[in-house]
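Per mature numbering (1 follows the signal peptide of the UniProt record, and there is no 0), the sequence shown runs over residues -32 to -1, 1 to 207. Here's the structure, in structure tokens; my notes come after.
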Amino acid sequence: SVLNCFMYDFPSTLLMLLIMLDSISLPPGFLGCVDELLGKVDKASLSHLTLLEMFLEGIENKEHTWKTDKQPDTFSEWHGVKANEDDEMIRINWSYTYDLQGTVNLRWLPSTVVVLFLFSNKLTGSLDLTALPDLMEDFTLQMNEFIGRIDLTRLPQNLRILNVSTNKLSGSLDFTRLPITLMKLYLHSNDFSGECDFTYLPDSLTHLDVSDTNLSGEIEVEEKVGIYYRTYDSQVKIL
């Protein structure tokens, strides 16, 4: 079959080509094979540079993240990318001055990434938070133009900070299964709506901001030093 003929180790250029095939006229059934193929790709077998290219495939001006005038060959040729001693990507920071436009695919983030800062860009599309790496600790994408719903029930168990404020996200939110490590959760200035159950907020959560949303519900807060919950311009009440 078409699929079987491709089942070997892929060069990154071929993978990128397969991702873009939906804009090309192909024989009937071929794209289905491509989709199945991409679903079978072993993410762990791909280099972190290849994964980074795939993560950025939807960015229109990705060259803003390069230190050179051509596609980088090493991490040192990328702005804002930090690797560990094993040359594994652990931190990405493309914020404020990069003015990135387009979409990102969280599915292709390397499993070793701990910190992702993409705030104050012009990024669009949806956010599949269930695709975040298990080791992720700080996920900050505020001040963009992301749309759609987000799932708070399957976040990485090491996550400490989640900031998706000032976007165009919508839908209801489930606060009943947040990670017990979560310290700061910023959701303000979005179009979230609906009644929320705040009964199961983790004890670790010191900062919560649901201001300027259409969320409703009640939060019982003990009088502790260092607790900062903000709910103005919403229907959420602090008791």
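For each residue, glycine too, the CB sits at the ideal point set by N, CA and C.
The C-beta separation of residue 155 from residue 181 comes to about 7 Å, placing the pair in contact by the 8 Å criterion. Judged by DSSP secondary structure, residue 19 falls outside any beta strand (DSSP E) and instead within the alpha helix (DSSP H) spanning 16 to 23. For the 8 Å CB-CB criterion, residue 123 and residue 100 form a contact. Nearest to residue 28 by alpha-carbon distance, out of 47, 90 and 18, is 90. Taking all protein chains shown into account, residue 207 has fewer than 16 neighbouring C-beta atoms within 10 Å of its C-beta and is therefore exposed. For residue 191, there is no enclosing beta strand (DSSP E), as DSSP marks it with neither H nor E. In the structure shown, residue 87 falls within a coil segment according to DSSP collapsed to helix, strand and coil.
In the assembly as shown, residue 125 is an exposed residue. Its beta-carbon has fewer than 16 other beta-carbons within 10 Å.
The C-alpha of residue 143 is placed about 6 Å away from the C-alpha of residue 166. Beyond the five residues adjoining it in sequence on each side, residue 107 comes within less than 6 Å, by CB distance, of 84 and 130 in the same chain, given in chain order. CA-to-CA, the gap between residue 158 and residue 23 works out to about 24 Å. In this structure, 160 is the residue among 176, 171, 200 and 160 with its C-alpha nearest to the C-alpha of residue 183.
Residue 32 places its beta carbon less than 8 Å from that of residue 68. Inclusion of residue 56 and residue 82 in the CB contact set at 8 Å is not warranted, their separation being larger than that value.
With fewer than 16 other Cβ atoms inside 10 Å of its own Cβ, residue 53 counts as exposed.
Residue 51: member of the beta strand (DSSP E) spanning 49 to 51, first to last residue. Residue 28: not part of any beta strand (DSSP E); DSSP gives it neither H nor E. In this structure, DSSP gives residue 107 an extended state, which the three-state scheme calls strand. The bridge partners DSSP lists for residue 177 are 154 and 198. Remark: C-beta atoms of residue 149 and residue 120 do not approach each other more closely than 8 Å.
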